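**Student:**
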Amino acid sequence: MINFEFTRVSSVKAAVDTLAKNPGGGFIAGGTNLVDLMKRGVMSPTRIIDINTLPLKQVEETKNGLTIGALAINSDVSEHELVKKNYPLLAMAFKAGASAQLRNMATVGGNMMQRTRCTYFYDTAMPCNKRQPGSGCGALQGYNRMHAIFGASNKCIAVHPSDMCVALAALNATVTVVGSKGQRNILFTDFHRLPGEQPEKDNTLAKGELITGVTIPANPFTKNVYYLKIRDRASYAFALISVAAALDMSGDTIKSARLAMGGVSHKPWRLTEAEKFLAGKPATNESFLRAAEIGMKGAKGYGYNNFKLKMGAAGIVEGLTKAIQNV
Amino acid sequence: MSNEKTDCPNHESLHDTRRGFLKKSTTLAAFAITAPAVVKAGENDEKIAGFFEKMPLQIEVNGTAHNLSVEPRVTLLDLLREQLNLTGTKKGCDHGQCGACTVHVDGRRINSCLSLAVMNQGKKITTIEGLASGDKLHPMQEAFIRFDGFQCGYCTPGQIMSAVACIKEGHANSEDEIREFMSGNICRCGAYPNIVDAITEVKKGGLPL
Ligand SMILES: Cc1cc2nc3c(=O)[nH]c(=O)nc-3n(C[C@H](O)[C@H](O)[C@H](O)COP(=O)(O)OP(=O)(O)OC[C@H]3O[C@@H](n4cnc5c(N)ncnc54)[C@H](O)[C@@H]3O)c2cc1C
Ligand code: FES
Ligand code: FES
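Protein chains in written order, with my numbering: chain A, 142 to 468; chain B, 8 to 216.
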């Protein structure tokens, strides 16, 4: 690992100021993504700013819903009574991610900022427009089994690997960030971006900004929810595809639905058209099949990941079915 | 092992030799990235040494307080194994993918390979060496022996640290739950069924862990 300078900061202002003074620097929270990437030479900040003592660990209900601090630990959030009771989709998504040890280290802010697991991004001997803009995309013509089927560009077909983010996108969360110019809120679905011409940019966080937390508006999705994750082994593997499904039911009729997918795009992928279709429909297999058809419109395989087209559709149906069965 | 040893700048040891090598090789690596640093290094090697400055670190390991000084890039795993000679904690993948390096930090299980040592200022670490009391093995260690919870044994310290935490967290209520919450510990020898049996037995025994 290339050496770096190390600073501990104890206030949000100090964190932002220190980063402003050290443009080559970066924050460290749990370290589970950054330390990995630094060991591989993929990222090499010249100064590491340890934000772990900032007072951003809270999980609390406010008038706007549930607010979760950026430094709240993934396992703490997933086990929190309020989260289990009122935001069970989020609790499920957390549990599907990584391992017990990693969830004990990973923070909410770090989870949002984690980089793609694309092997060409990780392998510094390979071309990758995300790691080294202009070098090309190894995955486009390469071994792209884990890669995107929605919203990719000819510069990058990497996916965002987070499970937590898929649930937060489905639940209409907002992100609060602070920079030298002050605080702003970003809709969760606008936080991550599509690769387009600038795959080196994972998200819309401006240089120098710190995530301070996320807020999930109060919502009726407390019962019929499911986070389906399909992966190469039963646990401790990234998603091939995942489906976050949340239904608000009135008898057998769907009042409203939320659907988002992971492992399919450069950002958590909301299926708003399918959600609209489901509103007011009976919760039948037929409705779910049609929702899957609508949801998968525009999906495109790149060779090795063509299987995701069928798996995605089947996953949507299964996710919705499990949400109804409430298992 | 004494702390003076790690703190003494003139001590000739494997570490220092290797650090010397790393210093040189990282100077080369820095060439590609930060040309100004290399110019400085050429003028006066002491300046780039600032980049390698050690930081003070107070840390408690298995009940013993240590006053150390470490480079920021040293992971908790490397600190334990190489500076404190606690080699029970294993390095499998060094990237969070196997669980061999599992230790408890303030009572929670983590992967020590992805934690920088300096991020653990003031923390209490427990490693596999800290589980037994004297010659009396920890109940989980005994159960692993009784149930044959290992073959080569390389993953075992991590498995045991994880298993103890799994029960303490309340995640050992069924075999399925144990399998899910032990998934962060890979066993190349495939001792999984026996590991699950050992954990189930300790959980049933209800002994304080
Ligand atoms: C083997 C393995 C398996 C995994 N499996 C999964 C999985 O199945 N599903 C899943 O979702 N994830 C998985 N992960 C990823 C894991 O969830 C992330 O590594 C973790 O969430 C990152 O959080 P952290 O706090 O450790 O971040 P760090 O590593 O500390 O930071 C990551 C990045 O975020 C930035 N950052 C951190 N906090 C802030 C902040 N407040 N404001 C601005 N920037 C910030 C840092 O500068 C850094 O660039 C896995 C990881 C490993 C190693
Ligand atoms: S050595 Fe830390 S997880 Fe493998
Ligand atoms: S006992 Fe050999 S790896 Fe687990």
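Quick reminder that beta carbons are idealized off the backbone N, C-alpha and C, glycines included. Given the structure is predicted, the values throughout are model-derived calculations rather than measurements.
Only counting the same chain, and skipping five residues up and downstream in sequence, which positions put a Cβ closer than 7 Å to that of lysine 225(A)?
**Tutor:** Reading the first sequence from its first residue, position 84 is the one you call residue 225(A). If we look at lysine 225(A) and ignore the five residues flanking it on each side, its Cβ neighbours are Ala232.
**Student:** Closer than 7 Å between beta carbons: that is the criterion. Which residues of the segment 117-138 of chain B meet it against chain A?
**Tutor:** Taking 7 Å as the Cβ-Cβ cut-off against chain A, the residues of the segment 117-138 of chain B that qualify are Ile117, Asn118, Leu121, Ser122, Leu123, Val125 and Met126.
**Student:** Taking arginine 88(B) as the query, report the chain A residues whose CB atoms sit under 7 Å from its CB, ordered along the chain.
**Tutor:** Taking the first residue of the second sequence as 1, we reach residue 88(B) at position 81. Those do not exist, as arginine 88(B) stays about 16 Å from chain A at its closest Cβ, beyond 7 Å.
**Student:** Just the Cα atoms here: how many angstroms apart are arginine 149(A) and isoleucine 167(B)?
**Tutor:** Sequence index remark: in the first sequence, residue 149(A) carries index 8 (1-based). Sequence index remark: in the second sequence, residue 167(B) carries index 160 (1-based). Near 32 Å, if we compare the C-alpha coordinates of isoleucine 167(B) and arginine 149(A).
**Student:** Which class does aspartate 177(A) belong to by DSSP, given the choice of helix, strand or coil?
**Tutor:** Locating residue 177(A) in the first sequence gives position 36, where the first residue counts as 1. Of the three classes helix, strand and coil, the one that applies to aspartate 177(A) here is helix, per DSSP.
**Student:** Quick check on methionine 287(A) - is its C-beta less than 9 Å from some C-beta in chain B?
**Tutor:** To locate residue 287(A), count along the first sequence from 1; it is residue 146. Not one chain B Cβ lies under 9 Å of methionine 287(A).
**Student:** Measuring only the C-alpha atoms, how far is glutamine 199(A) from isoleucine 214(A)?
**Tutor:** The residue given as residue 199(A) occupies position 58 in the first sequence. The residue given as residue 214(A) occupies position 73 in the first sequence. For glutamine 199(A) and isoleucine 214(A), the distance between alpha carbons rounds to 10 Å.
**Student:** Quick one: give me the first and last residue of the beta strand (DSSP E) that tyrosine 473(A) is part of.
**Tutor:** Residue coverage of chain A in this structure runs from 142 to 468, which leaves residue 473(A) outside it and unanswerable.
**Student:** Considering only heavy atoms of ligand 2, does any lie closer than 8 Å to the CB of asparagine 118(B)?
**Tutor:** Against the second sequence, residue 118(B) aligns to sequence position 111. Yes; taking the cut-off as 8 Å, the Cβ of asparagine 118(B) has a heavy atom of ligand 2 nearer than that.
**Student:** Taking buried to mean at least 16 other C-beta atoms within 10 Å of its own C-beta, is glutamate 488(A) buried or exposed?
**Tutor:** The displayed coordinates of chain A run from 142 to 468. Any statement about residue 488(A) would go beyond what the structure contains.
**Student:** Report, in whole angstroms, the separation of the C-beta atoms of threonine 248(A) and leucine 212(A), which I expect to be a contact under 8 Å.
**Tutor:** As a first step, residue 248(A) is located in the first sequence; it is residue number 107 there, counting from the start. As a first step, residue 212(A) is located in the first sequence; it is residue number 71 there, counting from the start. Indeed, because the Cβ distance is near 5 Å, the residues count as touching under 8 Å.
**Student:** Determine whether the beta carbon atoms of phenylalanine 362(A) and tyrosine 228(A) lie at a separation below 9 Å.
**Tutor:** As a working note, residue 362(A) is residue 221 in the first sequence. As a working note, residue 228(A) is residue 87 in the first sequence. Taking 9 Å as the Cβ cut-off, phenylalanine 362(A) and tyrosine 228(A) qualify as a contacting pair.
**Student:** Any heavy atom of ligand 4 within a distance shorter than 8 Å of the CB on lysine 342(A)?
**Tutor:** Although ligand 4 was asked about, the structure shown includes only ligand 1, ligand 2 and ligand 3 as ligands.
**Student:** Could you tell me which chain A residues have their CB closer than 8 Å to the CB of aspartate 113(B), listed as they occur along the chain?
**Tutor:** To locate residue 113(B), count along the second sequence from 1; it is residue 106. Residues of chain A passing the Cβ test: none, with the nearest at roughly 10 Å.
**Student:** Could you tell me whether any non-hydrogen atom of ligand 2 is closer than 8 Å to the CB of aspartate 101(B)?
**Tutor:** Counting from 1 along the second sequence, the entry for residue 101(B) is found at position 94. Yes, since a heavy atom of ligand 2 falls inside the 8 Å radius drawn around the Cβ of aspartate 101(B).
**Student:** Which residues in the same chain as lysine 175(B) place their Cβ atom closer than 8 Å to its Cβ, once the five residues preceding and following it in sequence are excluded?
**Tutor:** Residue 175(B) sits at position 168 when you count from the first residue of the second sequence. The residues are Gly114 and Leu216.
**Student:** Tyrosine 377(A): beta carbon under 8 Å from a heavy atom of ligand 1?
**Tutor:** Looking up residue 377(A) in the first sequence gives position 236. It does: the Cβ of tyrosine 377(A) is within 8 Å (strictly closer) of some heavy atom of ligand 1.
**Student:** Quick one: grab the DSSP three-state call for serine 428(A).
**Tutor:** Numbered from its first residue, the first sequence carries residue 428(A) at position 287. Residue state, collapsed to three classes: helix.
**Student:** Given a threshold of 16 other Cβ atoms within 10 Å of its Cβ, counted over all protein chains shown, does arginine 88(B) qualify as buried or as exposed?
**Tutor:** Translated into positions along the second sequence, residue 88(B) becomes position 81. Its Cβ being crowded by 16 or more others within 10 Å, arginine 88(B) is buried.
**Student:** What are the residues that DSSP puts in a beta bridge with leucine 412(A)?
**Tutor:** Walking along the first sequence from the start, residue 412(A) turns up at place 271. DSSP, once it has assigned bridges, lists no residue as partnering leucine 412(A).
**Student:** Pull up the distance between the alpha-carbon of proline 186(A) and that of glutamate 341(A), whole angstroms please.
**Tutor:** Reading the first sequence from its first residue, position 45 is the one you call residue 186(A). Reading the first sequence from its first residue, position 200 is the one you call residue 341(A). Rounded to the nearest angstrom, the two C-alpha atoms are 15 Å apart.
**Student:** Below 6 Å CB to CB, which residues in the same chain sit around phenylalanine 429(A) once its five sequence neighbours on both sides are set aside?
**Tutor:** The residue you call residue 429(A) lines up with position 288 of the first sequence. Contacts found: Val458 and Leu461.
**Student:** Looking at chain B, is there any beta carbon in it that lies within less than 9 Å of the beta carbon of glycine 460(A)?
**Tutor:** Against the first sequence, residue 460(A) aligns to sequence position 319. Cβ-Cβ to chain B under 9 Å: no for glycine 460(A).
**Student:** In the structure shown, what three-state DSSP assignment does serine 185(A) receive?
**Tutor:** In the first sequence, the residue the question calls residue 185(A) occupies position 44. Three-state DSSP puts serine 185(A) in coil, outside helix and strand.
**Student:** Ligand 2 and glycine 106(B): does the residue's C-beta get closer than 8 Å to at least one heavy atom of that ligand?
**Tutor:** Stepping through the second sequence from its first residue, residue 106(B) is reached at position 99. The answer is yes for glycine 106(B).
**Student:** Taking 8 Å as the cut-off, is the CB of glycine 160(B) close to at least one heavy atom of ligand 3?
**Tutor:** On the second sequence, position 153 is the one that residue 160(B) refers to. Checking every heavy atom of ligand 3 against the Cβ of glycine 160(B), one is found closer than 8 Å.
**Student:** Using Cβ-Cβ distances below 7 Å, what residues of the segment 65-76 of chain B are close to chain A?
**Tutor:** The segment 65-76 of chain B vs chain A, Cβ under 7 Å: nothing.
**Student:** State yes or no: is the beta carbon of proline 79(B) nearer than 9 Å to at least one beta carbon in chain A?
**Tutor:** By one-based count along the second sequence, residue 79(B) stands at place 72. At least one chain A Cβ lies under 9 Å of proline 79(B).
**Student:** Would you say glutamine 242(A) reaches chain B, if we count a Cβ-Cβ gap shorter than 9 Å as a contact?
**Tutor:** If you number the first sequence from 1, residue 242(A) lands on position 101. Glutamine 242(A) counts as touching chain B.
**Student:** Using 8 Å as the cut-off, can you tell me whether the segment 250-259 of chain A makes contact with the segment 382-397 of chain A, which would need three or more C-beta pairs spanning the two stretches below that distance?
**Tutor:** At 8 Å Cβ cutoff, the stretches do not touch.
**Student:** Note down the Cα distance separating threonine 356(A) from glycine 279(A), rounded to an integer number of angstroms.
**Tutor:** Position 215 of the first sequence holds residue 356(A). Position 138 of the first sequence holds residue 279(A). Near 37 Å, if we compare the C-alpha coordinates of glycine 279(A) and threonine 356(A).
**Student:** Since lysine 180(A) meets chain B, which of its residues come closer than 8 Å, beta carbon to beta carbon?
**Tutor:** The sequence position of residue 180(A) within the first sequence is 39, counting from 1. Asp101 and His102, listed in chain order.
**Student:** Mind checking the segment 139-159 of chain B against chain A and listing, in chain order, the residues whose C-beta falls within less than 8 Å of any C-beta there?
**Tutor:** Against chain A - using a Cβ distance shorter than 8 Å - the segment 139-159 of chain B contributes no residues.
**Student:** Under the DSSP definition of a beta bridge, which residues are partnered with lysine 131(B)?
**Tutor:** Locating residue 131(B) in the second sequence gives position 124, where the first residue counts as 1. Lysine 131(B) pairs with Glu67(B).
**Student:** What residues from chain B crowd round isoleucine 371(A), counting only those whose CB sits closer than 7 Å?
**Tutor:** Looking up residue 371(A) in the first sequence gives position 230. Under the 7 Å cutoff, chain B gives no residues; its nearest Cβ is about 16 Å from isoleucine 371(A).
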